[in-house]
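Peer 1: Numbering (the UniProt record's numbering), first residue to last: 1 to 113.
Glycine residues also receive a C-beta, built at the ideal position from the N, C-alpha and C atoms.
Just so you know, these numbers come straight off a predicted model, no measurement behind them.
Below, the structure written as C-alpha coordinates:
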(Lines of atoms letter the chains of each structure in order from A; the text may use other names.)
(Lines give C-alpha, C1' and ligand atoms only; values in the text may rest on other atoms or scores of the structure.)
Protein backbone atom coordinates (compact mmCIF):
# COMPACT_ATOMS: atom_id res chain seq x y z
CA UNK A 1 0.00 0.00 0.00
CA UNK A 2 1.32 3.43 -0.95
CA UNK A 3 2.09 5.77 1.92
CA UNK A 4 0.77 9.34 1.72
CA UNK A 5 2.54 11.87 3.96
CA UNK A 6 0.78 15.02 5.08
CA UNK A 7 -2.28 14.00 3.10
CA UNK A 8 -0.67 15.11 -0.19
CA UNK A 9 2.70 13.48 -0.83
CA UNK A 10 3.02 9.89 -2.08
CA UNK A 11 6.31 8.35 -0.95
CA UNK A 12 8.63 6.90 -3.56
CA UNK A 13 12.05 5.34 -3.28
CA UNK A 14 14.41 5.89 -0.38
CA UNK A 15 17.23 8.24 -1.39
CA UNK A 16 19.15 8.46 1.86
CA UNK A 17 19.35 7.78 5.55
CA UNK A 18 21.24 8.96 8.56
CA UNK A 19 21.37 8.81 12.31
CA UNK A 20 18.07 10.67 12.65
CA UNK A 21 15.90 9.04 10.01
CA UNK A 22 15.36 8.39 6.33
CA UNK A 23 14.87 10.53 3.22
CA UNK A 24 12.51 9.61 0.39
CA UNK A 25 11.51 10.99 -2.96
CA UNK A 26 7.81 11.82 -3.00
CA UNK A 27 5.27 13.17 -5.47
CA UNK A 28 2.44 15.61 -4.75
CA UNK A 29 -0.75 13.68 -5.55
CA UNK A 30 -2.41 16.61 -7.38
CA UNK A 31 0.41 18.62 -8.98
CA UNK A 32 2.92 15.75 -9.45
CA UNK A 33 5.68 17.99 -8.08
CA UNK A 34 8.65 15.89 -6.93
CA UNK A 35 9.88 16.67 -3.42
CA UNK A 36 12.06 15.19 -0.68
CA UNK A 37 10.56 13.85 2.55
CA UNK A 38 12.55 13.32 5.74
CA UNK A 39 11.01 10.90 8.22
CA UNK A 40 11.97 10.35 11.85
CA UNK A 41 10.22 8.03 14.30
CA UNK A 42 8.35 10.16 16.83
CA UNK A 43 9.64 8.02 19.70
CA UNK A 44 13.31 8.60 18.86
CA UNK A 45 15.39 9.45 21.92
CA UNK A 46 16.64 12.81 20.58
CA UNK A 47 14.24 14.11 17.90
CA UNK A 48 15.88 16.56 15.49
CA UNK A 49 13.42 17.08 12.65
CA UNK A 50 11.42 19.85 14.34
CA UNK A 51 14.60 21.85 14.96
CA UNK A 52 15.74 21.30 11.38
CA UNK A 53 12.38 22.51 10.05
CA UNK A 54 12.54 25.62 12.26
CA UNK A 55 16.08 26.36 11.10
CA UNK A 56 15.12 26.07 7.42
CA UNK A 57 12.22 28.48 8.01
CA UNK A 58 14.66 31.01 9.50
CA UNK A 59 17.08 30.59 6.58
CA UNK A 60 14.38 30.57 3.87
CA UNK A 61 15.45 32.29 0.65
CA UNK A 62 19.15 31.61 1.14
CA UNK A 63 21.22 29.92 -1.55
CA UNK A 64 20.90 26.15 -1.31
CA UNK A 65 18.20 26.30 1.38
CA UNK A 66 15.13 24.17 0.60
CA UNK A 67 11.62 25.54 1.06
CA UNK A 68 9.67 23.59 3.70
CA UNK A 69 6.30 22.62 2.26
CA UNK A 70 4.95 20.74 5.29
CA UNK A 71 6.08 19.54 8.71
CA UNK A 72 4.06 17.51 11.17
CA UNK A 73 3.15 14.21 12.74
CA UNK A 74 2.32 11.48 10.25
CA UNK A 75 1.24 8.27 11.93
CA UNK A 76 4.12 7.09 14.12
CA UNK A 77 6.59 9.49 12.51
CA UNK A 78 7.60 13.11 12.37
CA UNK A 79 7.85 14.12 8.72
CA UNK A 80 9.17 17.13 6.82
CA UNK A 81 8.40 17.75 3.15
CA UNK A 82 10.80 20.05 1.32
CA UNK A 83 12.08 21.07 -2.09
CA UNK A 84 14.26 18.50 -3.82
CA UNK A 85 17.40 20.48 -4.61
CA UNK A 86 19.06 18.03 -6.98
CA UNK A 87 21.00 14.79 -6.98
CA UNK A 88 22.53 13.67 -3.70
CA UNK A 89 26.26 13.44 -3.19
CA UNK A 90 25.82 9.65 -3.25
CA UNK A 91 24.11 9.91 -6.67
CA UNK A 92 26.92 12.07 -8.03
CA UNK A 93 29.51 9.65 -6.66
CA UNK A 94 27.75 6.81 -8.49
CA UNK A 95 27.64 8.78 -11.75
CA UNK A 96 31.43 9.16 -11.53
CA UNK A 97 32.09 5.44 -11.16
CA UNK A 98 32.49 5.83 -7.37
CA UNK A 99 35.66 7.88 -7.84
CA UNK A 100 35.98 11.65 -7.53
CA UNK A 101 38.94 13.49 -8.98
CA UNK A 102 41.12 15.54 -6.65
CA UNK A 103 39.60 18.67 -8.20
CA UNK A 104 36.07 17.44 -7.38
CA UNK A 105 37.04 16.61 -3.79
CA UNK A 106 38.57 20.05 -3.32
CA UNK A 107 35.52 21.77 -4.84
CA UNK A 108 33.23 19.77 -2.52
CA UNK A 109 35.37 20.65 0.49
CA UNK A 110 35.18 24.33 -0.44
CA UNK A 111 31.37 24.14 -0.64
CA UNK A 112 31.14 22.36 2.71
CA UNK A 113 33.21 24.96 4.54
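Give me the Cα-Cα distance between residue 109 and residue 55, rounded to the nearest whole angstrom.
Peer 2: 23 Å
Peer 1: Sort 64, 111, 44 by Cα distance to residue 22 and report the nearest one.
Peer 2: Between residue 22 and the set 64, 111, 44, the nearest pair of CA atoms involves 44.
Peer 1: Kindly indicate which three-state DSSP category residue 104 falls into: helix, strand or coil?
Peer 2: helix
Peer 1: Enumerate in chain order the residues of its own chain whose CB-to-CB distance from residue 39 is below 6 Å, with the five nearest sequence positions on each side excluded.
Peer 2: 21, 22, 77, 79
Peer 1: Decide if the stretch 92–103 is in contact with the stretch 60–68; the criterion is three or more beta carbon pairs, one per stretch, under 8 Å apart.
Peer 2: no
Peer 1: On a CA-only basis, which of 49, 4, 15, 102 is nearest residue 27? Give me that one, please.
Peer 2: The residue with the shortest Cα to Cα distance from residue 27 is 4.
Peer 1: So the candidates are 81, 51, 24; which of them puts its Cα closest to the Cα of residue 14?
Peer 2: Nearest option by C-alpha distance: 24.
Peer 1: What is the rounded straight-line gap between the Cα of residue 16 and the Cα of residue 87?
Peer 2: 11 Å
Peer 1: Return the CA-CA distance between residue 102 and residue 18, expressed in angstroms with no decimal places.
Peer 2: 26 Å
Peer 1: Contact check, residue 82 vs residue 29 under 8 Å by CB: the rounded distance?
Peer 2: The Cβ separation is near 17 Å, so there is no contact.
Peer 1: Identify whether residue 10 lies in helix, strand or coil by the three-state DSSP scheme.
Peer 2: strand
Peer 1: To which residues does DSSP link residue 56 through a beta bridge?
Peer 2: Beta bridge pairing from DSSP links residue 56 with no other residue.
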